[in-house]
Each structure stands twice: as C-alpha cells, then as structure tokens.
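As structure tokens, the structure follows; a few thoughts come after it.
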Amino acid sequence: MSRLIPRELIPITLWDEKQALMKLPSQLVSIWKVLLEKNGLLDKAITQAPEGFEGGRSKEDTDNHFAWRFSGSSARVILTILDPKQDLYEISDVFTQFFSGNRIFLADLPCGSGAASLSILSVYCELRTQGLIPREPLEVVIVGGELSEFAQSYARDGLSNLIVELEKQAIFIEFEIMDWDVCDPFSNAELIKCLTLKSQGCSAKVLMLANFSGFLQKENKWVDASKQIDELFRHNLGESSIALWIEPKRNDVTKSGGFMQRLLVWFKKKFSSISSIDAKSYESSVEVCHPLIDGVFRSNLTVVRFDLPQRKQ
Ligand SMILES: C[S@@+](CC[C@H](N)C(=O)[O-])C[C@H]1O[C@@H](n2cnc3c(N)ncnc32)[C@H](O)[C@@H]1O
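Read in the working numbering, the sequence shown has 259 at position 259, and its numbers run on one by one without any break.
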C-alpha cells in the first residue's frame, strides 16, 4: 500500500508530530471563516455544540451543522487522507491512486456544506504549496448531491471561494452541486445521469459517502435508501472506481449489528459476485487543533473502502 504522503513527510502545517496534533489546512479554515462571517454564524461556531443533532433540510439545521459540525466532518476526511497514526491500512492508497491522474472525478454524497470536497482539495493544495507534490496540472471534477438547498449553497460558495488558491497550485476544478434525495428513485436517476456524464474522460473515480449514518440509521431510512445506494454503486463500476464510506466512530455505528456491519453485509450480498475484495472497516482517532478557538477536539472515525471493479465478461 502506498501512501499519498509518508507519515514523516506530513508538513507541520497539517500534523504536529511532537504534540500528536492534527491541524486543518489554512485554505479550508479561511474559506469556512469567511462563510461563517458572511452568514452571521461565527459567534455560534465558537460556542459549545449541543450533543446529538444531525443536520437536515431546514435553514436552522443546516446553519447549526455548518457552525458546529463542519470542522469535525472535515477533520475525519483529513484524518483519512493523512492517516498520521498509520491505522488505515487499505485506505491509504485510495488517495495516491486518485491523485495520480490528470483528470479525476469525485462524487460527494451527501455533500452537506461541502466539507469532504473542500477538505480533500485543501489538503492536496497544501501539500503542493509545501513542495511535497509536483505541481503538474490537475483537473478535478466534483459532483455533490444534497437534500438541503441551504447546504447546497454553502458548498457552492465554499468551492467557488477556493478556486483562486487551487489555481495557484495548478489545480483546476469543475463542480456541480445537485438537489438529491437518496430515498427518491427519480432524483437518484438524475444524479446518476450527471455522474456518468461528468466522469467521462476521468482516469479515477471516488464516491465519497460521509456522515450519513445518522440519517440512514436513526430515522430508519436504510430500507428506502439502500435501493438507491445499490444503483449508485452499480452505475459507478469501473477499473479505477472506489467508494469510501466515512462515519464517526460512535457506538451505534461500530457495535456488532451497528451501521458499519450492516453496510458490510449489504455490500457482500449485493456485490460479492464482482468484487473479490472482502471490504472491512478501519478505525482511527486523533486530537485536532480547534481552528477558531484556543483548544483541541477529538476526531474519531470508522471508514470502509469498497472497490467497484467491472464485472468480468
Ligand atoms: C451529517 S450531514 C453530513 C454532510 C457531509 N457529508 C459532511 O460530512 O459534512 C448529513 C447530510 O445529509 C443530508 N440529508 C439528509 N437526508 C437526506 C436525503 N434523504 N437525501 C440526501 N441528503 C440527505 C442533510 O441535509 C445533511 O446535509
């Protein structure tokens, strides 16, 4: 397994080895701050978040999630990419493979306010800024799908605001954020059409599903949603196609019979005839420097990699 960046080369701007402390890239923090200020959410973002809300369709749910959970969502994605504790054995080379092309495709589902896409791009941008990765021109095509129109708008603004920083590092993005309801087969069909079209000519494809268990599990929506997720996976089979599913390491997610186990059983049942790789989940956790106040927070994650090879004829 090759890593995008060896542990000892992770720059101090992202990982402080002495203090075992991860940092969010400055590019990400500055666009988050700009959007918080613009939307009157900065004061909220520096207050303690209450436990146990998930985000949702309304403006209030979206704003709460953006203020209180955006940094946590981002930290999980960044931890998956950097893996400073070397816990995520089979996950490490996903990003190495992904960034080895010159035109690559990322589906961010549900994209919320864009935490996953913005984090991946910001980390890669920072690694180039620090001279750790050659500045070959790279085109990244992103399609996000999301139920909340307010979150869609934050994701569009965030990506637009990152363009200048990315272009300084020869990273060129093209993005489309779509209205998507995972429980609605018609909306899913529209999303799949867009993914198929936009991923043409891309040498690698990653479907990133992050922080969806709250909705799928707590509201017991898995039965409705799994048919659409089946379709998404089936329509995205291909030699260099990978899905990554990242969730917080909560007891209801990781326990026996919890969300991750259910996901693995589902994948085995639906895709074992084409994928010889026995998907399994990995866990990691790290302290993260809080980007807005003096302090740290803990980021815990569990992640599964699903390889989506094409069926042999
Ligand atoms: C916990 S947030 C995670 C968002 C993003 N992946 C992240 O890591 O920040 C869950 C998102 O799922 C969205 N969502 C809820 N129900 C949905 C549905 N039926 N279809 C698509 N998205 C949905 C919510 O609007 C919310 O933005």
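Cβ coordinates follow ideal geometry from the N, Cα and C atoms, glycine included.
Check, Outcome
"Excluding the 5 residues flanking threonine 96 on each side, which residues of the same chain have their C-beta closer than 6 Å to its C-beta?", "Ser2, Leu4"
"Less than 7 Å between the CB of glycine 56 and some heavy atom of ligand 1, yes or no?", "yes"
"Going along the chain, which residues of its own chain have a beta-carbon closer than 7 Å to the beta-carbon of lysine 270, five neighbours each way excluded?", "Asp230"
"Thinking just about the alpha-carbon of each residue, which of Trp222, Asp157, Asp294 is nearest to the one in cysteine 183?", "Trp222"
"What are the boundary residues of the beta strand (DSSP E) that includes lysine 44?", "Looking at the DSSP string, lysine 44 is not in any beta strand (DSSP E); the run it does join, the alpha helix (DSSP H), is 42-45."
"Are the segment 166-179 and the segment 207-219 touching, with three or more C-beta to C-beta distances below 8 Å?", "no"
"Report the residue from Pro6, Leu147, Ser226 whose alpha carbon sits nearest the alpha carbon of lysine 59.", "Leu147"
"Cβ of cysteine 183 within 7 Å of any heavy atom in ligand 1?", "yes"
"So, helix, strand or coil for asparagine 39, using DSSP?", "coil"
"Could you give the first and the last residue of the continuous alpha helix (DSSP H) run that contains alanine 67?", "59-68"
"Answer yes or no: the CB of proline 134 versus the heavy atoms of ligand 1, is any distance below 7 Å?", "no"
"Taking Cβ to Cβ, would you say alanine 151 is nearer than 8 Å to threonine 254?", "no"
"Would the C-beta of asparagine 251 count as close to ligand 1, meaning under 7 Å from any of its heavy atoms?", "no"
"Using a threshold of 7 Å, is the CB atom of glutamate 149 nearer than that to any non-hydrogen atom of ligand 1?", "no"
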